Amino acid sequence: MNAEREGYTFLWKIENFSGAWHGTGKKIESPIFTLEAIERSQWQLLLYPKGESVGNYISYYLKRLKNSKGSKSLKIDYELSFLTEDGEILKPNFVSSDTFTKGQTKGKNLFKMRDEVFLSKYLSQDILTASCRICTSARRNMGRVKIFANTIISMDKASFVWNIENFSKMGTSERKDYEIKSAHGDHMVTLELFLIGHCCEESINVCVKFYNPSIKFFRLNSFLMDAIGNRFNSGRLEFQVQNTFYDWKLVLFVSKQKMEKSNIYLPNDVLSLNCECDFSTKIAFEGIERIEHGTSSSEFRKETTAENVLITPSVPLADALRSMYSEGLFCDTELRTSTKTFSAHKNILSARSTRFKEMFRKDMEEKTTGCINITDIDANTIHRMLLYLYTDTLEDLKWEIAHALYVAADKYQILSLKSKCSAFLISNLTVNNAYEGLILADLHQDKDLKNAVQDYILQNDKTIF
């Protein structure tokens, strides 16, 4: 289709696309959009993440709504495509000239192979950008109209180190548990590690048990950690959750016998697994963001590029929240350190921290004055903590910064931040900071962190002592 031809461009971003739980035959529907200059007809895009009929393909369709305004039949030229991060159309796309009656759906069943789409050029920062251009020769002087829409799949992420003590003594009748909670502290999943098999030939298994019926998609990446913090892939599990009463099992790549033969993987008889979990629960947002008139195709691509350069994970929601924080829009509370005061929003702080929620709900000084006085944490750490609360990102993390953020996260009960800082500290232990890490773990009664640091010290005792 001629890029300079007048008409409509509908740009649909799906955030956290890899967390789509829709199986074969199940679709994601775009927000409804209206083509004012084409008889005010109403349309919608349909995307089947695992194909309408073939599971390893993505299906992509354009639908005219059954109750759409306009003539019974409309002839249009349309183009369905996916865009790169820079706004370029990825070939092959689907171009057609066809007549749509009310309620009719047309497009391509085998539009793209899933394996191809899940490359970084399609899913930069886990955002799929689908584009649909529509023109008609029946109407002149339509101009160029761009409609921007967004669908956000709610995705929780958890990263933690799971230490299994006395692993060599573990029998087939024993189970070791680890609870995974949401960002709001709700119990979502329990992992159970157990052994299967005869003596000296046992396989290491992880069972996934669900405790929240809202989970629709779950992904687990596990990594075996050695005595100095190096990670080795030990297994991956990913599936759509159709029944939370059903348990899933992951068999790790390494057996118990092989583990016991290598002291590097069992320092102090502790098996350490670094686990990364993602689970989606719902469509958090869907809607039309804005409509722009009179912009050419080339300008459209430039703007799309500029927007994507500014993207951070979970945009545009995180980008909007970052702006709210940095610009101080509609703030209703303050965090006051000895050198600087930060404006913030009670709703954001309460949603991310149980400690802040408690402050604002009870008749405490912070509720009545609207100000939180902080005397034991420096301004830079508070700024980084707030940035994490608003955007869920950690930037330019170093040992000293992670150490300070860990203390702040523990004080204000920000569990996800504490977990990420702990994982970073463990992964970046050195002979120079090990004792500092041990003191930190002891002060905050963090058993997992303490075990990891002690194991590191024992493995490097000749250098440290």
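Going by the UniProt record's numbering, the sequence shown opens with residue 1, and the numbers climb by one from there.
Built from N, CA and C at the ideal position, the CB exists for glycine as well.
Just so it is clear, the structure is predicted and the values come from calculations on it, not from any experiment.
Between which residues of its own chain and residue i is the CB-CB distance below 6 angstroms, once the five residues before and five after are set aside?
i, result
"residue 408", "377, 381, 385"
"residue 163", "270, 272, 448, 451"
"residue 290", "148"
"residue 103", "66"
"residue 50", "23, 24"
"residue 404", "381"
"residue 337", "374, 379, 382"
"residue 253", "234, 235"
Let me know the secondary structure DSSP gives residue i once reduced to three states.
i, result
"residue 236", "strand"
"residue 433", "coil"
"residue 165", "strand"
"residue 379", "helix"
"residue 304", "Only weak support is given to the placement of residue 304: the predicted model assigns it a pLDDT of 39, under 50, and the value that follows is read from those uncertain coordinates. Helix, per DSSP."
"residue 317", "helix"
"residue 85", "coil"
"residue 327", "helix"
"residue 374", "coil"
Measure how close the beta-carbons of residue i and residue j come, nearest whole angstrom, since I'm counting them as under 8 angstroms.
i, j, result
"residue 232", "residue 223", "6 angstroms"
Taking 9 angstroms as the threshold (C-beta atoms), are residue j and residue i in contact?
i, j, result
"residue 89", "residue 96", "no"
"residue 58", "residue 111", "yes"
"residue 371", "residue 335", "yes"
"residue 107", "residue 62", "yes"
"residue 126", "residue 19", "yes"
"residue 441", "residue 424", "no"
"residue 391", "residue 185", "no"
"residue 150", "residue 13", "yes"
"residue 137", "residue 99", "no"
"residue 275", "residue 159", "yes"
"residue 16", "residue 124", "no"
"residue 83", "residue 131", "yes"
"residue 348", "residue 389", "yes"
Using C-beta distances below 8 angstroms, list every residue in its chain close to residue i, excluding the 5 sequence neighbours before and after it, in chain order.
i, result
"residue 438", "450, 453, 454, 457"
"residue 195", "170, 171, 172, 174, 202, 203, 204, 205, 256"
"residue 323", "329"
Tell me the rounded alpha-carbon separation between residue i and residue j.
i, j, result
"residue 192", "residue 286", "36 angstroms"
"residue 277", "residue 135", "44 angstroms"
"residue 105", "residue 47", "12 angstroms"
"residue 218", "residue 246", "13 angstroms"
"residue 56", "residue 114", "5 angstroms"
"residue 399", "residue 413", "20 angstroms"
"residue 346", "residue 387", "14 angstroms"
"residue 145", "residue 188", "43 angstroms"
"residue 356", "residue 240", "34 angstroms"
"residue 435", "residue 459", "14 angstroms"
For residue i, which residues in the same chain have their Cβ closer than 7 angstroms to its Cβ, ignoring the five residues on either side in sequence?
i, result
"residue 52", "25, 59, 109"
Is residue i near the ligand ATP, going by C-beta to nearest heavy atom under 8 angstroms?
i, result
"residue 320", "Inclusion of the ligand ATP in the displayed structure is not the case, the ligand content being empty and no account of it being possible."
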